[in-house]
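Protein sequence lines correspond, in order, to chains A and B. The first sequence begins at 1 in this note's numbering and counts up by one. The second sequence begins at 1 in this note's numbering and counts up by one. Just so you know, even glycine gets a beta-carbon here, dropped at the ideal spot from N, CA and C. Written out below as structure tokens is the structure these notes cover.
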Amino acid sequence: MKRFLCMALVTLFSINAYSQQKIEMSWYGAAQIGIEGKGWPDSATKTPFYRLPAKAESMVNKNVWQRGSNSAGLHVTFTTDASLIAVRWRLNNPSFYTPSLSSLSVAGMDMYMREADKWVWAAAKPPSAVRPPGHEGAFYPDTTTTFVRNLSKKLRDFRLYFPIYNGVDVVEIGVPAGSRIGKPKPDGKKPVVIYGTSIIQGSAASRPGMTLVSQLNRRLGREVINLGFAGLCKMEPEMAQLLTELDPDLYIIDCLPNMSFAEITDRTFDFVKTISAARPKTPILIVENPNYAQTIWNAGTRTTIRAKNTRLLKEYNRLEQAGIKNLHYFKGSNSYGDDGEATFDGVHPNDLGFTNYANALEPVIRGLLDR
Amino acid sequence: MKNCIVWTFIAILSVQAFSQQTVEMTWHNTADIGIGGKGWPNSETKTPFDRLPSKAQKPVSKELWERSINSAGLYVTFSTDAAQINIRWKLRNPSISTPVLSAASVAGMDLYVREGGRWTWAAVKPPNMSRPAGSPVGTPPVTEAAFVQSLSKAEREFRLYLPLYNGVDRVEIGIPKEAVIKPVPAPAGKPIVIYGTSIIQGFGASRAGMNIGSILGRRLNREVINLGFSGLCRMEPELADLLAELDPALFVIDCLPNMTAEEITQRTVNFVKKIRSARPNTPILMVEHPNFAHTSWDTEARELINEKNAAFLQQFNKLQKDRVAGLHYFKGGHSFGEGDGTLDGVHPTDLGYTIYANALEPAIRPLLGNSK
Numbered sequence: 001m002k003r004f005l006c007m008a009l010v011t012l013f014s015i016n017a018y019s020q021q022k023i024e025m026s027w028y029g030a031a032q033i034g035i036e037g038k039g040w041p042d043s044a045t046k047t048p049f050y051r052l053p054a055k056a057e058s059m060v061n062k063n064v065w066q067r068g069s070n071s072a073g074l075h076v077t078f079t080t081d082a083s084l085i086a087v088r089w090r091l092n093n094p095s096f097y098t099p100s101l102s103s104l105s106v107a108g109m110d111m112y113m114r115e116a117d118k119w120v121w122a123a124a125k126p127p128s129a130v131r132p133p134g135h136e137g138a139f140y141p142d143t144t145t146t147f148v149r150n151l152s153k154k155l156r157d158f159r160l161y162f163p164i165y166n167g168v169d170v171v172e173i174g175v176p177a178g179s180r181i182g183k184p185k186p187d188g189k190k191p192v193v194i195y196g197t198s199i200i201q202g203s204a205a206s207r208p209g210m211t212l213v214s215q216l217n218r219r220l221g222r223e224v225i226n227l228g229f230a231g232l233c234k235m236e237p238e239m240a241q242l243l244t245e246l247d248p249d250l251y252i253i254d255c256l257p258n259m260s261f262a263e264i265t266d267r268t269f270d271f272v273k274t275i276s277a278a279r280p281k282t283p284i285l286i287v288e289n290p291n292y293a294q295t296i297w298n299a300g301t302r303t304t305i306r307a308k309n310t311r312l313l314k315e316y317n318r319l320e321q322a323g324i325k326n327l328h329y330f331k332g333s334n335s336y337g338d339d340g341e342a343t344f345d346g347v348h349p350n351d352l353g354f355t356n357y358a359n360a361l362e363p364v365i366r367g368l369l370d371r
Numbered sequence: 001m002k003n004c005i006v007w008t009f010i011a012i013l014s015v016q017a018f019s020q021q022t023v024e025m026t027w028h029n030t031a032d033i034g035i036g037g038k039g040w041p042n043s044e045t046k047t048p049f050d051r052l053p054s055k056a057q058k059p060v061s062k063e064l065w066e067r068s069i070n071s072a073g074l075y076v077t078f079s080t081d082a083a084q085i086n087i088r089w090k091l092r093n094p095s096i097s098t099p100v101l102s103a104a105s106v107a108g109m110d111l112y113v114r115e116g117g118r119w120t121w122a123a124v125k126p127p128n129m130s131r132p133a134g135s136p137v138g139t140p141p142v143t144e145a146a147f148v149q150s151l152s153k154a155e156r157e158f159r160l161y162l163p164l165y166n167g168v169d170r171v172e173i174g175i176p177k178e179a180v181i182k183p184v185p186a187p188a189g190k191p192i193v194i195y196g197t198s199i200i201q202g203f204g205a206s207r208a209g210m211n212i213g214s215i216l217g218r219r220l221n222r223e224v225i226n227l228g229f230s231g232l233c234r235m236e237p238e239l240a241d242l243l244a245e246l247d248p249a250l251f252v253i254d255c256l257p258n259m260t261a262e263e264i265t266q267r268t269v270n271f272v273k274k275i276r277s278a279r280p281n282t283p284i285l286m287v288e289h290p291n292f293a294h295t296s297w298d299t300e301a302r303e304l305i306n307e308k309n310a311a312f313l314q315q316f317n318k319l320q321k322d323r324v325a326g327l328h329y330f331k332g333g334h335s336f337g338e339g340d341g342t343l344d345g346v347h348p349t350d351l352g353y354t355i356y357a358n359a360l361e362p363a364i365r366p367l368l369g370n371s372k
């Protein structure tokens, strides 16, 4: 049991009332257990829950920086023999739902459990929207709730996925005092990095574990770094610079829905060349714009998407002609399936669409990781 | 243009600014076009948007009556040559979202278009998040939104699904003044009636068109009557009386998640027999409890489900022994897939509803074989 943390962190003891019975709980900071799905180590980020390094604040535009504090794709994996697991998380943004996205989807937490070597869903909880009495001004929901209970005494691995469209500044795992908690052995593999749009960030997943990135994370058994920035994936030179700092087994670039025709033509070549120059041996998968649901009947959307993809392919061919190696191209025609049912709003996949997208990407990614 | 209705109701002309251009719109009341997915005609329901007949208010519980005002499964099918379609809807209830369901899911509208003979998704809109300006607290929102724009000039069929977890007082379709709108007759064949729980009502679908009844309706090209009552599907005798009034091609009974094993044992035989005696020739599909997502590791939940299904199968066998004909049994198992198909373990997401439809569709199709 060498991996069990004799946690050198501040363990808060508190008496909580759970299901009418008082259980003495020990609380462990998720940051001390270790946040996964991060490109940069805690030493380089402003808080353990930021997706971009602190220095990026002066490099990227303000909106990208703010999106970088959304915890999409971040998670913590831990082992425990606890019979009950509670989670506390405090959001860093007062906005926790939209007309189209529930607060579970925007700012909830989603827990999986490893059962017979497979990650299976365990529990999902929305943030608490209850304002403390007398609270005025901006309200940052601070939620403490039980995720699973009445588990038989046995060591199990759990993975907790953080909010998709909000960020956190506190995440704590609570277990009954006396339970063991530790970190499972790392998978020992380099991560996959995905740079993308709201679709990659996970807009419209019903809960954080259902984004494309989280699904691939479980299926591939390795970290997948979610660098999805809703509305802001535009292949700027500074983003290429940041990506070169990472050392993944694969880069996936999936930006087209956020880019104009001119941007695709003007930026793709330099963006990919910068990354490839820094990481010549790392494969780069360049992903086309997916077919949106309405392309079945909307000729205008269909034409726009085709024109974007034609431009991307042209840049891809230019890169190949320039002798850039290890480039791969993913056709977008069937990313969401073909029946038009797999999105919430035409553009953003629902859980069905994210599953279809993962089904389409997984074999291609596996092929590139096995090389 | 023989079907073209000279609308006898008040078509309100208004000038609306949508996307910087001013289009003069004519508004058409959907109640006059015809509401699909209803078990009882407008003449028997309190409003055109009620799922149960007015007379049901007395026998059923207050909670169930309130759920029946939710417009889950109701829709309007129309054809139009309009380049733009706007929808205006007035909700009945000020509650439009929950922590786990978006406003689009609870109280939004979802539009499909028929393309190449197949229903395909077109547009979804959530309701307004606030009550009308100047109205008192508790007034439900009124929403007006452009659903599709800049369509090429062609006559197309559309289907608009009404909210899953709220009701509507009024739903109007706005099209440019020169465009024509017509009702589309219901598809041939008697409807399918599904009596069920929140899973049937559509809890967890991201939009109104993704509940299982709506998915099956499109796939089977048949009207599906959604009698899903969240938390309240309990096979009470008064519900059997109501179901017996309908004359569908198939009854689907999918109540187990809301019932205790004891209720299942006590009520199933009488419930099914009551329907059977009123409708001797209509097939009845009795659906088991599905495996919930957490049953792979939660042995207590698994045992409870197994217990309910055992009680249900026993009642099914009893009915068979009593020579009640035309009964069919659907095994629950992985109806929602093997783990990732739900929002909260119990309620399917769009993924889970699709998997459930994939499982139910082949069981339902053969039962419709001889019904016209």
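Asked                                                                                                                                             : Found
Coil, strand or helix - residue 4 of chain B by DSSP                                                                                              : Reliability of the predicted coordinates at residue 4 of chain B is poor, the pLDDT of 38 falling under 50, and no value is obtained from them.
Contact between the region 121–129 of chain A and the region 143–155 of chain A (3+ Cβ pairs under 8 Å)                                           : yes
Where the region 192–207 of chain B meets chain A: residues whose CB sits under 8 Å from a CB there                                               : 204, 206, 207
The region 18–37 of chain B in contact with the region 76–93 of chain B per 3-pair CB rule at 8 Å                                                 : yes
Residue environment, residue 259 of chain A, which counts as buried when at least 16 other CB atoms sit within 10 Å                               : buried
Residue 113 of chain B: contacting residues in chain A (beta-carbon distance under 7 Å)                                                           : 297
Cβ distance (whole Å) where residue 168 of chain A is taken to contact residue 92 of chain A below 8 Å                                            : 6 Å
The ligand MG heavy atom lying under 8 Å from the CB of residue 66 of chain B                                                                     : What this structure holds is no ligand at all, so the ligand MG is not there to describe.
Contacts around residue 328 of chain B, its chain only, beta-carbon distance under 8 Å, and the 5 residues preceding and following it disregarded : 283, 284, 285, 286, 363, 367
Ordered list of beta strand (DSSP E) runs contained in the region 163–218 of chain A, each at least 3 residues                                    : 168–176, 192–196
Sufficient close CB pairs (3 or more, under 8 Å) joining the region 85–100 of chain A to the region 258–274 of chain A                            : no
Neighbour flag for residue 19 of chain B against chain A, beta carbons, 9 Å                                                                       : Residue confidence for residue 19 of chain B is low, a pLDDT of 45 falling below 50, so the modelled location carries little weight; the figure read from the coordinates is stated next. It does not; no Cβ of chain A falls within 9 Å.
Contiguous beta strand (DSSP E) assignments of at least 3 residues, all confined to the region 222–290 of chain A                                 : 224–228, 250–254, 284–287
Buried/exposed call for residue 49 of chain B, threshold 16 Cβ in 10 Å                                                                            : buried
Residue of B:325, B:148, B:311 minimising C-alpha distance to residue 81 of chain B                                                               : B:148
Chain-ordered chain B contacts of residue 212 of chain A [CB-CB under 9 Å]                                                                        : Near residue 212 of chain A there are no residues of chain B at all, since even the closest Cβ is about 13 Å away, more than 9 Å.
Beta-carbon proximity check, residue 352 of chain A vs residue 100 of chain B, cutoff 9 Å                                                         : no
Below-9 Å beta-carbon distance, residue 334 of chain B vs any chain A residue                                                                     : no
Option in B:128, B:30, B:350, B:304 with minimal Cα separation from residue 182 of chain B                                                        : B:30
Cα-Cα separation between residue 85 of chain A and residue 86 of chain B, rounded to whole angstroms                                              : 48 Å
Residues near residue 128 of chain A by beta carbon distance below 6 Å, same chain, minus five either side                                        : 141, 143
Contact between the region 354–362 of chain B and the region 303–316 of chain B (3+ Cβ pairs under 8 Å)                                           : no
Inter-stretch contact at 8 Å, needing at least 3 Cβ pairs: the region 210–223 of chain B / the region 264–281 of chain B                          : no
Cβ-Cβ distance between residue 256 of chain A and residue 289 of chain A below 9 Å                                                                : yes
In chain order, each beta strand (DSSP E) run of at least 3 residues that lies wholly inside the region 29–113 of chain B                         : 75–80, 85–91
Assigned exposure category for residue 346 of chain B - 16 Cβ within 10 Å defines buried                                                          : buried
Residues of its chain near residue 169 of chain B, where Cβ-Cβ distance is below 6 Å and the 5 sequence neighbours each way are ignored           : 90, 92
CB contact below 9 Å: residue 354 of chain B versus chain A                                                                                       : yes
Selection of the region 117–144 of chain A by Cβ proximity to chain B, strictly under 9 Å                                                         : 118, 119, 120, 121, 122, 123, 124, 125, 126, 127, 128, 129
Residues of its chain near residue 218 of chain A, where Cβ-Cβ distance is below 6 Å and the 5 sequence neighbours each way are ignored           : 119
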